[in-house]
Amino acid sequence: MDRQFLMEIMDINEKLAEAQNEAAMEEIESIVRAKQKELTENVSRAFEQDDFEKAKEILTKMRYFSNVEEKIKLKKIPL
Numbered sequence: 130m131d132r133q134f135l136m137e138i139m140d141i142n143e144k145l146a147e148a149q150n151e152a153a154m155e156e157i158e159s160i161v162r163a164k165q166k167e168l169t170e171n172v173s174r175a176f177e178q179d180d181f182e183k184a185k186e187i188l189t190k191m192r193y194f195s196n197v198e199e200k201i202k203l204k205k206i207p208l
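Just so you know, we're using the numbering used here here: the sequence shown kicks off at 130 and counts up by one.
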């Protein structure tokens, strides 16, 4: 996993941890959805080109963003 990607995930997680209102969480959620859309397009292209190593790398990134999405959902649920 490249360093820039991991820094991006850490930054998003920090913003999520600091988010105090619905608007802040929606902004983060919007960023994550856009990234997931981009990665979905990229993984489709990788599979079309039979580049399975690239597809594996992209799917791993997608899993990180999926975990962030779960954290957002959990934070939205009032306890």
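Even glycine gets a Cβ: it sits at the ideal position worked out from N, Cα and C.
Quantities reported herein were computed from a predicted structural model and do not represent experimental measurements.
Rounded to whole angstroms, K144 and I157 show a C-alpha spacing of 8 Å.
In summary, I206 is exposed, with fewer than 16 beta-carbon neighbours lying within 10 Å of its beta-carbon over all protein chains present. Cβ neighbours of F134 within its own chain (closer than 7 Å, five residues either side excluded): K190.
Comparing C-alpha distances from I201 to each of K183, T169, E137 and N142 shows the shortest one belongs to N142.
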